[in-house]
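Student: In our numbering, the protein residues as written are 566 to 849.
The structure's right below; bear with me while I get my questions together.
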């Protein structure tokens with residue numbers, strides 16, 4: 566029987582509604598939770614609404630429930646899909662992956678492979694788009710696409726700086742980033758994601774302006790002659806600074822494509838306003 570493969574991700578991928586619809590990718594929303602109710606990420610709440618609520622209440626977040634995941638998988642099965650590649654936010658940052666694994670083990674009548682991206686934001690988004698492009702070409706089997714997806718992780722890197730570490734600490738997402746003394750000294754860590762999928766301090770710089778310059782130089786140093794790259798710049802209420810950084814990347818000859826956007830409401834909860842993130846993807 567011919568394989569019919571669907572690609573699934575979650576709302577932390579920072580793929581737009583237009584991208585999801587255009588390429589037929591299913592996205593399962595995480596949740597933003599307030600004392601008086603909960604909202605589905607990128608569905609019925611926006612990043613701006615999260616920022617505006619901070620003075621009143623800093624919300625919490627939650628992964629999709631097993632039933633919500635099961636509903637998406639069953640819907641695809643009903644549409645005639647025989648296989649699903651479900652790619653999600655790093656297991657070191659969210660239990661979304663483990664919930665998907667649990668559902669994949671229980672569902673019958675369709676084969677589901679759950680992939681731990683070890684990333685988030687447009688790093689996850691780039692991995693999802695790459696996998697979907699392989700599916701659309703129709704030249705590889707389900708197993709071959711999974712193998713290439715796993716290999717592609719090594720070609721995508723995520724870096725970011727935040728205005729303050731207090732939101733990462735409050736949400737329990739601080740990982741291996743040390744904060745208290747550094748904040749007192751106005752040291753802004755350049756944060757990346759290590760092999761286990763948790764945040765760690767890639768470098769330390771004193772002051773906001775220097776941290777952005779350092780992040781640019783880190784990316785520039787990683788770009789190799791003879792290769793081509795995509796650079797995504799994401800932000801949370803830091804549009805002007807982020808656009809300035811993006812313009813510098815556009816001047817690099819190896820950078821063939823750039824993208825600019827806000828991060829998702831769920832991620833805003835954990836970073837607070839002032840985040841600027843850069844995703845470097847090596848093109849095939």
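Glycine included, each C-beta is placed from N, C-alpha and C at the ideal position.
Using the three-state DSSP reduction, which class does residue 603 fall into: helix, strand or coil?
Tutor: Strand at residue 603.
Student: Let me make sure I understand the geometry here. Which of 667, 692, 686, 693 has the alpha-carbon closest to that of residue 677?
Tutor: Comparing Cα positions, the closest option is 667.
Student: My assumption, with CB atoms under 8 Å, is that residue 679 sits in contact with residue 653. Please give the rounded CB distance.
Tutor: Indeed, because the Cβ distance is near 7 Å, the residues count as touching under 8 Å.
Student: Within this structure, are the beta carbons of residue 801 and residue 848 separated by less than 9 Å?
Tutor: No, the pair does not count as a contact, with Cβ atoms beyond the cut-off.
Student: Check residue 571 in the structure and name its three-state DSSP category.
Tutor: If DSSP states are grouped into helix, strand and coil, residue 571 belongs with the strands.
Student: With distances taken from CA atoms, which of 724, 726, 700, 723 is nearest residue 714?
Tutor: Ranking 724, 726, 700, 723 by Cα distance to residue 714 puts 700 first.
Student: For the segment 648-695, list the alpha helix (DSSP H) runs that are entirely contained and at least 4 residues long, ordered along the chain.
Tutor: Listed in chain order, the complete alpha helix (DSSP H) runs (minimum 4 residues) inside the segment 648-695 are 661-671.
Student: Is the segment 751-771 in contact with the segment 721-728, if contact means three or more CB pairs nearer than 8 Å?
Tutor: As far as the Cβ criterion goes, the segment 751-771 touches the segment 721-728, which means the pair count is three or higher.
Student: Beta-carbon within less than 6 Å of residue 759's beta-carbon, same chain only, minus the 5 sequence neighbours each way: which residues are those?
Tutor: Within the same chain, residue 759 has close Cβ partners 765.
Student: How is the alpha helix (DSSP H) around residue 847 delimited, first residue to last?
Tutor: Looking at the DSSP string, residue 847 is not in any alpha helix (DSSP H); the run it does join, the beta strand (DSSP E), is 841-847.
Student: Could you work out which residue in 648, 615, 684 is closest to residue 675 when comparing CA atoms only?
Tutor: Cα-wise, what sits closest to residue 675 is 648.
Student: Just to confirm my understanding: we take residue 665, look at its own chain, exclude 5 residues before and 5 after, and list those with CB closer than 7 Å. What are they?
Tutor: So the qualifying residues of the chain are 634, 651, 653, 679.
Student: In whole angstroms, what separates the C-alpha of residue 586 from that of residue 688?
Tutor: For residue 586 and residue 688, the distance between alpha carbons rounds to 19 Å.
Student: Decide if residue 827 is buried, meaning its Cβ has at least 16 other Cβ atoms within 10 Å, or exposed.
Tutor: Buried, by the Cβ-count rule.
Student: Could you tell me the alpha carbon to alpha carbon distance between residue 584 and residue 720, rounded to whole angstroms?
Tutor: Cα to Cα, residue 584 sits roughly 21 Å from residue 720.
Student: For residue 696 versus residue 717, is the C-beta spacing smaller than 9 Å?
Tutor: In contact: residue 696 and residue 717 (Cβ atoms closer than 9 Å).
Student: So, helix, strand or coil for residue 621, using DSSP?
Tutor: Coil at residue 621, not helix or strand.
Student: Keeping to the same chain, check which residues put their C-beta closer than 8 Å to that of residue 569; ignore five residues upstream and five downstream.
Tutor: Counting only Cβ-Cβ distances below 8 Å, and skipping sequence neighbours, we find 645, 646, 647, 648.
Student: With distances taken Cα to Cα, identify the nearest neighbour of residue 844 among 811, 623, 706, 771.
Tutor: Of 811, 623, 706, 771, the residue nearest in Cα terms is 811.
Student: Compare the C-alpha of residue 567 against each of 625, 626, 707, 817 and name the closest.
Tutor: Out of 625, 626, 707, 817, 707 has the C-alpha closest to the C-alpha of residue 567.
Student: Quick check on residue 596: does DSSP put it in helix, strand or coil?
Tutor: Looking at residue 596 - three-state DSSP - the assignment turns out to be strand.
Student: What is the residue span of the alpha helix (DSSP H) that residue 808 lies within?
Tutor: It spans 804-815 - the alpha helix (DSSP H) in which residue 808 sits, taken as one unbroken run.
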